[in-house]
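Chemist: Per this note's numbering, residue -6 is the first one in the first sequence, and the count goes up by one each step.
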Amino acid sequence: MNLFRDFQYEIIKVIEDLEQEGLLPRGLDTARVACEPPREAAYGDVTTNVAMVLAKPAQRNPRELAALVAERLGIHHAVEKAIVAGPGFINLTLARTFWHGRLRDVVEAGTAYGDSTVGAGREVNVEYVSANPTGPMHVGHARGAVVGDVLAALLAKAGFDVTKEYYVNDAGAQVDVLARSLHLRYREALGETIGAVPEGLYPGEYLKEAGHALARRDGEKWLGEPEDVWLAPLRAFAIDAMMTMICDDLAALGVVHDVFSSERALVESGRVDEAFRLLEDRGLIYTGVLDPPKGMTPEDWEPRPQTLFRSTEFGDDVDRPLRKSDGTWTYFASDAAYHLDKFRRGFAIMIDVWGADHGGYVKRVAAAVNALTEGKGALDVKLCQLVSLLDAGEPVKMSKRAGTFVTLKEVVDEVGKDVVRFIMLTRSNDATLDFDLRKAVEQTRDNPVFYVQYAHARACSVFRNAATEMPNIATDDSSLLNVSLDSLTAVEEIDLIRLMAGWPRIVEGAAEAHEPHRIAYYLQELAAAFHGLWNKGNADSDARFLVADEARAAARLALVRGLQLVIASGLQVLGVKPVEEMH
RNA sequence: GCGCCCUUAGCUCAGUUGGAUAGAGCACGAGCCUUCUAAGCUCGGGGUCGCAGGUUCGAAUCCUGUAGGGCGCGCCA
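#1: Spatial neighbours of Val405 within its chain, please: CB distance less than 7 Å, with the 5 preceding and 5 following residues excluded, ordered by chain position.
#2: Per DSSP, what kind of secondary structure is Lys375 in: helix, strand or coil?
#3: When the Cα of Leu61 is compared with those of Glu73, Ala124, Val77, Glu185, which residue comes out closest?
#4: On a Cα-Cα basis, can you pick out the residue from Ile466, Ala532, Gly217, Gly348 that is closest to Val140?
#5: Per the DSSP calculation, Gln299 is bridged to which residue(s)?
#6: Between Thr280 and Arg357, what straight-line distance do the alpha-carbon atoms span, to the nearest angstrom?
#7: Go to Ala551, then tell me how far its alpha helix (DSSP H) extends in each direction, as first and last residue.
#8: Which stretch, first to last residue, makes up the beta strand (DSSP E) that contains Asp22?
#9: Quick one: residues in its chain with C-beta nearer than 6 Å to the C-beta of Pro333, no 5 flanking neighbours on either side, listed in chain order?
#10: On a CA-only basis, which of Leu194, Gly193, Arg178 is nearest Ile187? Give me that one, please.
#11: Determine the burial state of Gln557: buried for a count of at least 16 other Cβ atoms within 10 Å of its Cβ, exposed for fewer.
#12: Can you tell which of Gly276, Pro509, Glu505 has the C-alpha that lies nearest to the C-alpha of Ile416?
#13: Can you determine whether any heavy atom of the ligand PLP sits closer than 7 Å to the C-beta of Leu243, and answer yes or no?
#14: Any idea which residues DSSP pairs Glu116 with across the strands?
#15: Leaving out five residues on either side along the sequence, give the residues of the same chain with a beta carbon under 8 Å from the beta carbon of Phe340.
#16: Locate the beta strand (DSSP E) running through Val72, then write down its first and last residues.
#17: What residue does the alpha helix (DSSP H) around Asp488 start on, and which one ends it?
#18: Given Ala113, which residues of its chain have a CB within under 7 Å of its CB, disregarding the five upstream and five downstream residues?
#19: What do you reckon, are the CB atoms on Asn162 and Pro191 nearer than 8 Å?
#20: State yes or no: is the C-beta of Glu462 within less than 8 Å of the C-beta of Leu552?
#21: How far does the alpha helix (DSSP H) with Leu582 in it extend, from its first residue to its last?
#22: Cβ atoms of Leu401 and His131: under 8 Å apart, would you say?
#23: DSSP three-state label for Glu261, please.
#24: Hey, could you find the ends of the beta strand (DSSP E) Met343 is sitting in?
#25: Assuming the contact rule is C-beta atoms closer than 8 Å, Thr419 and Pro441 should be a hit. Round their C-beta distance to whole Å, please.
#26: Arg316 by DSSP, collapsed to three states: which one?
#27: For Ser254, which of helix, strand or coil comes out of DSSP?
#28: Nearest-angstrom Cα distance between Val484 and Val500?
#29: Less than 8 Å between the C-beta atoms of Ala448 and Ala520, yes or no?
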């Protein structure tokens, strides 16, 4: 389906033919032969560097070699002309009928257009959100949630077997604090006056409801009991309540995970001990004393012996501790074991989506994956930079203490999930992002969500008008597939098809690079091309889609249908609903 | 002090894994439209890709150094 890949095969076939005929030395390495759209449209439709890449090994002058290959490519039925340019590029211009064929591909495939097999069914695990189960999600979490969710959808479209996973950090001291905070709210629910929430406990109102729920379920069972009696059951209850709340918030954003992995279960099942022994057996564990970080010794620094993993042997900057002084595992130890667990569940490809504040953690986890999987597991960590929440250009002040903390749910309620999802992808994940609540819902040219949605709505509007104005034209897909496209000759029309035909390549490229934001950018470009064509109809009534000549109108309806389908296909990956009309 | 990320037009940012004359939106400038396919259209000016070296046919992209900004830096997760 990716036409550039198709031409790449054609080119490699030509090279092989030339080798067979003795015109080129045998066994040339064609791995670096690229086939892509040229930067300048004037150069044609497809460009290849084959001659420049093979010139040296073939001991030929690049332009001369290019001429040889271009001559063979010129014979191809889809190629109108093949010319040699610059230092040895071969530029192919494709026949108009070729593009008409690609439009038919789109209409035939529907929103499945762009589906690819490059993933070849390989299993990928995308772990994202993984927010601590101690409170509601805030806006900062939204970015990682969207990036992970769309990346997963993108990989699935590209033919990978994707599992979406959430790692529940339910094992550390913080969930004990959560349990104590719940106990307070539980007493409150049973009529006690608790006053101010003591320092060190979670003061948020969100635990009140959980306190009432616990009181309803268990009555006065935990009143007056010592902490060691109620801690574990209340902790479980609280985590459950928090996870339910988090999942509800995520669902409102359209984010649903396949698997939830518990850190506590990992530890209790002995899988951390197992990973530790594995490292020990490989001689990667020792007891040592770390130097303080140069230039910023912490105030309470004192040298002490620790159980360390030799992560420096795998590219880390210092060796990392695996045990706390009380003998329990550090977070890193269980996270290392968690990644081994994912690998053993069949995921040789693992993607973690984290906030930028965890950037310092990447090397040690990568080192652990490398050591534990003997280099067979591939980990890619996508770090999401900060999101600044604005309202009409003014920063929204956020502070947990002042209670002006903006939750994910509030933002989704305010602007809608589709807007949040799209805006979160209008920047590369490693650039910071401004999210302006006001601008996000404006219906103007510079709101990308509106702009793309509007293109789809306009396409729908054309079909609504066609039904009343041109009732003789059958507009179902199978009818449109049989329409003659010969009248589609305008450069803008062919340009639009060319863009649509580039969709499969965008999907593959974005999936392989793990860069979901490319989809949002592509959709803006596609929408712009369609709006341009539409505007042409404003100035020149012959350029409208619904013209008196029914054969021509039908061909243009096929074009509009194709556009509508590719936009819908892209929005589907983003998890954004394509709207049929604006209001 | 060390590590990671960022630095591209006045502003906010893309840049197809090393390709040809570096792009988009906004802003700015000049025209057009006063209508229908609703919330404008066309054209234009604007760049030493932070800086300096290196790698090669070819660098915004890779390597080294350097400046500025962000994040992080021994038992928190």
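Every residue, glycine too, gets a C-beta built ideally from N, C-alpha and C.
Modeler: Reading it off the structure:
#1: Ala245, Leu246, Val413
#2: Here Lys375 sits in strand by DSSP.
#3: Val77
#4: Gly348
#5: Gly281
#6: 17 Å
#7: Counting along the chain, the alpha helix (DSSP H) containing Ala551 begins and ends at 543 to 567.
#8: Secondary structure note for Asp22: it is in no beta strand (DSSP E), with a DSSP letter that is neither H nor E.
#9: For the record, residue 333 in the displayed sequence is Leu; it is not Pro. Correct list, in chain order: Ala268, Leu365.
#10: Arg178
#11: buried
#12: Pro509
#13: Because no ligand of any kind appears in the structure shown, any question about the ligand PLP cannot be addressed here.
#14: Asp154
#15: Glu116, Val117, Asn118, Thr156, Gly370
#16: 72 to 78
#17: 484 to 494
#18: Gly152
#19: Taking the C-beta atoms as reference points, Pro191 is found no nearer than 8 Å to Asn162.
#20: No. Outside cutoff.
#21: No answer is possible for residue 582: it lies beyond the span of the chain, which begins at -6 and ends at 576.
#22: Going by C-beta atoms, His131 is nearer than 8 Å to Leu401.
#23: helix
#24: 342 to 348
#25: A Cβ-Cβ distance of about 6 Å is found for the pair Thr419 and Pro441, placing them in contact under the 8 Å criterion.
#26: strand
#27: Taken through DSSP and simplified to helix, strand or coil, Ser254 comes out as strand.
#28: Distance between Val484 and Val500, taken at the CA atoms: about 25 Å.
#29: A distance below 8 Å separates the beta carbons of Ala448 and Ala520.
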